[in-house]
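Take a look at the structure set out below.
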Amino acid sequence: MKRLVVLPAAAKALRRHRLESERLLAKLEAYAADPATQANNVKALKGSTARRLRVGDFRIVFEETDAEIVVTKIGPRGSVYD
145 MKRLVVLPAA AKALRRHRLE SERLLAKLEA YAADPATQAN NVKALKGSTA RRLRVGDFRI
205 VFEETDAEIV VTKIGPRGSV YD
């Protein structure tokens, strides 16, 4: 399992979306444990090394290395890419 690192801006977004936070974290932890489980929901972002995980109408933007996943942004689909 890869180590999860949630940056302060992403943690603030999780607190802001309390009703969805449990589901978002569960999907992120499932991806960290076994990326194949969420393979259909993860795509690389163009022009960046970042990836995004789709969870309903929410997106989790993260950078991935061999040892860890660094979550940079979390938010609704329309506003997370700004």
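The numbering used here numbers the first residue of the sequence shown as 145 and each following residue consecutively.
For every residue, glycine included, the Cβ atom is placed at its ideal position computed from N, Cα and C.
- In the DSSP secondary-structure assignment, E208 is bridged to I213.
- As computed with DSSP, K171 is found in no beta bridge at all.
- Inter-residue distance for A170 and A176 is about 10 Å (C-alpha atoms, whole angstroms).
- Straight-line spacing of the CA atoms in R196 and V214 works out to 11 Å.
- Under DSSP, L148 takes part in a beta bridge, and its partners are I213.
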